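Student:
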Amino acid sequence: MDSRGDMRTVRELPGSTRAITLTRHLRHAEAEVNSQYLDEPGLRHLLDTLHPLSDEELERLMREKAIEQGY
27 MDSRGDMRTV RELPGSTRAI TLTRHLRHAE AEVNSQYLDE PGLRHLLDTL
77 HPLSDEELER LMREKAIEQG Y
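Going by this note's numbering, 90 is the number at position 64 of the sequence shown; the sequence numbering is gapless.
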């Protein structure tokens, strides 16, 4: 866990490949990005583009069926 609250996980895969996963908590949500191709700075840049949705944005996306509520 770093100072921003991001959690980093690195898994070694066959063939000298690494899979990096970054998890960030955003208000009451959790965002996770992972890649075998992007490095950690690339994944952090992707996470930095995310922002928590307002209630209105969330309701609109659910009405448009762009996202679903799931457990």
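Quick reminder that beta carbons are idealized off the backbone N, C-alpha and C, glycines included. Note that the coordinates shown come from a computational prediction; the quantities given were computed from them, not determined experimentally.
1. Looking at the unbroken beta strand (DSSP E) that takes in H51, where does it start and where does it end?
2. Touch check for the region 28 to 38 and the region 48 to 58: three-plus C-beta pairs under 8 Å?
3. In angstroms, rounded to a whole number, what distance separates the CA positions of S61 and G68?
4. Of the choices H54, A45, L72, whose alpha-carbon is the least far from that of Y63?
5. Could you spell out the range, first to last residue, of the beta strand (DSSP E) harbouring R30?
Tutor: So, from the data block:
1. 43 to 52
2. yes
3. The alpha-carbon separation between S61 and G68 amounts to approximately 10 Å.
4. Here the closest residue by C-alpha is A45.
5. Here R30 belongs to no beta strand (DSSP E), and DSSP marks it neither H nor E.
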